[in-house]
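In this note's numbering, the protein residues as written are 3 to 390. What follows is a single structure, written as structure tokens, with notes after it.
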Ligand SMILES: [Ca+2]
Ligand SMILES: [Ca+2]
């Protein structure tokens, strides 16, 4: 009897071991070497500069991934429910303006007043001022766009956008968060930076191999495009003009968190939203793909995931003028919210004169922060946009 029981136990144990070794999972993890995290030190030292955000309501919608402002100063937010929510210029009266029937993520106005949308489920869309939705791109270089994430329109009309993962599509993976976790866990580099040319209606690939291609921002002088390589904790620069055209290099490396959106700001700044602090387990297992695969066989709730705790923003400032000064090319500073309010995963869109806007990826609000610095600390009304 005892022997039978022992045998049964051994069989169960063997099945468990077999499960952890052989059960099929969607990821095929790739070995890489995560640089040691600097943590929130130096320019990233914790502070409470984001405390006191005012919050604008977006109706019954959630997860405003990005925000944009039209020429009348009205505010638009892309939401989890598929709605583009529109608020009046004073931040009131949210209305469900258009539903893309997908998952709108990055949004930006083009020169003709169309709202260009990187839709995680549908690809690149354009919404006319009357609210008509048109698909601009669903395929690039023969590969379906499975996870359009962020978009930025250049002054010449070209539309730069990211396809976060060609393997783990937002829809096929069961959602944007699920797809991002798979891409980052595998670290297979299925993300790409794309450009849509309205003159030819063609979409082409500029950069490949990104471990979740995320936020996109065209530089102030229109000579390069920044794209966040989330799984590698870095911001990449791809040159679109000048002697380095077609080349790319990392601009900021080894960030202490996962970079999500990036946008242009005032005074030559760029704003990077760090969606979550780095996860020590993910870093420790970077060179152990087999163990990462085993972890994928654990129930979802015990697997590594984004930490919804507090918001961080690094920003970078470029040198002014054409002469590059000696020393680092950029200066970093950051603004945080450390009150533990679970207000996390914040993005920003600073293209307003007088205030900054944030979208909270998992919450139901858009944050509004009066512009501070340079002696302005109490602008409380939203003003007309000035291209920052
Ligand atoms: Ca994003
Ligand atoms: Ca952006």
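All C-beta atoms, glycine included, are put in the ideal place defined by N, C-alpha and C.
- Give the straight-line distance between the Cα atoms of residue 326 and residue 261, rounded to the nearest whole angstrom. Model confidence at residue 326 stands at a pLDDT of 42, short of 50, so the residue's coordinates are unreliable; what they give is reported in the following sentence. Their backbone Cα atoms lie some 26 Å apart in a straight line.
- Count the other CB atoms, across all protein chains shown, that sit within 10 Å of the CB of residue 62; report buried if there are 16 or more and exposed otherwise. exposed
- Task: Enumerate in chain order the residues of its own chain whose CB-to-CB distance from residue 205 is below 6 Å, with the five nearest sequence positions on each side excluded.
- Result: 139, 142, 196 and 198
- With ligand 1 as the reference, list in chain order each residue whose Cβ lies under 5 Å from any of its heavy atoms. 151, 216 and 262
- Length at least 3, wholly inside the segment 127-165: the beta strand (DSSP E) runs in chain order: 135-139, 150-155 and 161-165
- Would you call residue 80 buried or exposed, if buried means 16 or more other Cβ atoms sit within 10 Å of its Cβ? buried
- Query: Any idea what DSSP makes of residue 116, helix, strand or coil?
  - Reply: coil
- Which stretch, first to last residue, makes up the alpha helix (DSSP H) that contains residue 188? 178-188
- Query: Can you tell which of 228, 67 and 29 has its C-alpha closest to the C-alpha of residue 121?
  - Reply: 67
- Task: Counting only the same chain and skipping the five closest in sequence on each side, list residues whose C-beta sits under 7 Å from that of residue 31.
- Result: 187, 188, 189, 291, 294 and 295
- Task: Return the CA-CA distance between residue 303 and residue 39, expressed in angstroms with no decimal places.
- Result: 24 Å
- Message: Under DSSP, the alpha helix (DSSP H) around residue 16 begins and ends at which residues?
- Response: 4-24
- Query: DSSP three-state call for residue 29: helix, strand or coil?
  - Reply: coil
- If we ignore side chains and look at the alpha-carbon of each, how far apart do residue 23 and residue 50 end up? 45 Å
- From residue 192 to residue 181, what does the alpha carbon distance come to, in whole angstroms? 11 Å
- Message: Taking 6 Å as the limit between beta carbons, can you name the residues of its chain near residue 100, skipping five residues before and five after?
- Response: 86, 129 and 133
- Thinking just about the alpha-carbon of each residue, which of 47, 107, 149 and 232 is nearest to the one in residue 69? 107
- Take the Cβ of residue 226 as the centre, count every other Cβ of all protein chains shown within 10 Å, and call the residue buried at 16 or more, exposed below. buried
- Task: With a threshold of 16 other CB atoms inside 10 Å of the CB of residue 11, please say whether the residue is buried or exposed.
- Result: exposed
- For ligand 2, any of its heavy atoms closer than 7 Å to the Cβ of residue 108? yes
- Since I believe residue 289 is in contact with residue 35 (beta carbons under 8 Å), could you give me their beta-carbon distance rounded to a whole number of angstroms? 6 Å
- Task: Whole angstroms is fine: what's the gap from residue 123's alpha carbon to residue 221's?
- Result: 27 Å
- Within this structure, are the beta carbons of residue 216 and residue 230 separated by less than 8 Å? yes
- Query: Whose C-alpha, out of 144, 111, 125 and 149, is nearest the C-alpha of residue 131?
  - Reply: 111
- Message: Cutting at 7 Å between CB atoms, please list the residues of its own chain near residue 242, excluding the five before and the five after it.
- Response: 225, 226 and 227
- Bridge partner(s) assigned by DSSP for residue 198: 161 and 205
- Message: On the DSSP bridge list, what partners appear for residue 231?
- Response: 215 and 236
- Task: May I ask you to report which of helix, strand or coil DSSP gives residue 303?
- Result: helix
- Query: Beta-carbon separation of residue 442 and residue 118 under 8 Å?
  - Reply: One cannot answer for residue 442 here, as it falls past the ends of the chain, which runs 3 to 390.
- Task: Check each candidate in 223, 16 and 170 and name the one with the smallest Cα separation from residue 213.
- Result: 170
- Message: Can you find the residues in the same chain that come closer than 6 Å, C-beta to C-beta, to residue 365, ignoring five residues on each side of it along the sequence?
- Response: Unreliable placement is indicated for residue 365, whose pLDDT of 46 sits below 50; no coordinate value is reported for it.
- Task: Look up residue 111 in the DSSP assignment and say whether it is helix, strand or coil.
- Result: strand
- First and last residue of the alpha helix (DSSP H) that includes residue 283? 282-286
- Message: Looking only at its chain, what residues have a beta carbon closer than 7 Å to the beta carbon of residue 167, apart from the 5 residues adjacent to it on each side?
- Response: 148, 149, 181, 185, 192, 193 and 214
- Under 7 Å from any heavy atom of ligand 2, does the C-beta of residue 154 make it? yes
- Coil, strand or helix - residue 275 by DSSP: strand
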